[in-house]
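A quick write-up on the structure given underneath.
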Amino acid sequence: MKDAAEGVHDLEQLDAKPFLPRTLGYLRLIGPGYMQSAMTLGGGTAFASIFAGAAFGYQLLWVAPLAMLLGIIVLSAVAHQTLSTGENPFQAMKRHAGGFFAYGWAFSGIASSIIWQFAQYALASSMLVALAKNAGYEVSSAAMGIAALAWCIAVALLYDATPRLVKLYENIIKGTVWFIIACFGFVVIKAGIPHPEDLLPGLVPFRIPGENQGVVGSTLVVSGLAAAVGANMVFVYPYTLRKRGWGRPHRRLARIDLGFGMFLPYAIAASLMVVASASVFYYGDPELFTGKKIAPWQAAEMLAAPDRLGPTVGMWVFGLGIVAMALSSITMQMLCSGFALCEMFGWKTEGPRYKIGLLLPAIGVLGSVFWNDMRLWIAVPTNVFCGFLLPVAYIGFIRLQRSRAYLGQDRPDGFQGKLWVAGMWVSTSVLVGFLSWFAWNNVPGWLEEIRS
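In terms of the numbering used here, the sequence shown opens at residue 86 and continues consecutively.
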């Protein structure tokens, strides 16, 4: 990895070039945004996208891009603050926004990481068992969960090593993100797009369908909004910027990184999943979709039927794409937990104590033992519950964005500054409003379904 000084020299040279070569040059330098893509392209996104396509066709294509755009408004402020001041993000939050927001931010990062690990391991292990069975081998879900855990620990530990291994970790994550996109892109090509005229209307925001086979459109809207950006993502993001050695000269690069490394891959991957699911289940054979009772491996087996996508595309391409999503999210959630625990106790974000924090979410491997028949629908309330952990972080960063004591001359003022803060409040309000309204109307029903 290049050191910070050399990176600044590269940026100075790029800034002197015309728009196209300058942008292409920036694309070679991006990295932290891909890590955010990998984190959010996990079970929550997979579940929401598969159900959206199967139940409502292309009608909810607008959810994932809009949800990510709302999140990027806040993350761009996080990048601006971190790179402008160079201060430790947690200490800055504690000093200028208050201990409640700082510790709430860190706790929500750890809590959401641990909660989601159960679902991620259950998803990865069940798909690995299905793939092994398809290849003629009988393996247990627990064994596949242990294998997934070993892989994720090995990959996550790269990020605490030398700069060269940090770069290797980032490249693994980039490759995983594009592998996910390639898998679902290939599934779409194989399945086709039965009604392309419905794609564009599906991108029109706030068109919320009613109910189909027990799946309510507003449920998937809320789940999609909560899945796009998590509290753990907001915590780990500024630390990945600092780990890269980025500073004030990298602020424009950070914005490009969020656009091309985070928004674009996420929007493409989530949209491809919706289209693939819609093509097979909604437009192709609606009787295949069994509503809330469908499990991930069952979806793969349905797709793998000879008269549909066939075993290669339906099971292996689709299945490996799902596994890659789960494993990439697990490693990023481990990083978040390590950073957050160290910050809460004032430890260095490296060494043995960092590794203890990194391993905290590993308890989620029990999901592969006790939750191995997990139904896709159970991830929807998980999305919503974790979504409630996010507003504390958002409001904390809004306070920082308005703090002259923190940002000094770098505080965005004038119309642009007011618009930026307004956008942050809109992002927070949309999330809180949808979550509160929906939880009030649906939590009792969810609890009853979980018990049954």
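Ideal placement from N, C-alpha and C gives every residue a C-beta, glycine not left out.
Note that the C-beta distance between Phe430 and Gly302 is not below 8 Å. Between the region 111–126 and the region 332–352 there are three or more inter-stretch CB-CB distances shorter than 8 Å, so the stretches are counted as touching.
It is roughly 12 Å from the alpha-carbon of Thr304 to the alpha-carbon of Ser134. Taking the Cα positions, Val454 is about 34 Å away from Leu146. Assigned with DSSP and collapsed to three states, Asn173 falls in coil, not helix or strand. Distance from the Cα of Gly369 is smallest, within the candidate group Asn297, Trp432, Arg333 and Gly277, for Gly277.
For Gln418, the enclosing alpha helix (DSSP H) covers residues Phe403 to Phe430.
The Cβ neighbour count for Gly156, taken over all protein chains shown within 10 Å, is at least 16; the residue is labelled buried. At a Cβ-Cβ threshold of 8 Å, Ala164 and Ala339 count as neighbours.
Boundaries of the alpha helix (DSSP H) harbouring Phe141: Gly128 to Phe141, taken from the DSSP string. DSSP places Glu255 within a helical segment (H, G or I) once states are collapsed to three. According to the DSSP assignment, Met347 belongs to no alpha helix (DSSP H), since it is labelled neither H nor E.
The region 267–286 and the region 399–410 touch, with no fewer than 3 CB-CB distances between them shorter than 8 Å. DSSP places Glu296 within a strand segment (E or B) once states are collapsed to three. Pairing Glu255 with Met120 gives a Cβ-Cβ distance under 8 Å.
Pairing Lys259 with Ala220, the inter-Cα distance amounts to about 28 Å. The Cβ atoms of Leu126 and Ser364 lie no closer than 8 Å to each other. Ser193 counts as buried, since at least 16 other C-beta atoms from the protein chains shown sit within 10 angstroms of its C-beta. Two segments are said to touch when three or more pairs of C-beta atoms, one from each, lie closer than 8 Å; by this definition the region 468–483 does not touch the region 231–246.
Listed in chain order, the non-local C-beta contacts of Val450 below 6 Å within the same chain comprise Tyr206, Gly230 and Leu234, local neighbours out to five positions each way being set aside. C-alpha of Ala507 to C-alpha of Phe291: approximately 20 Å in a straight line.
For the pair Tyr351 and Val321, the Cα-to-Cα distance works out to about 17 Å.
Here Val301 carries a strand assignment [DSSP, helix/strand/coil]. At least 8 Å separates the beta-carbon of Met509 from that of Ala177.
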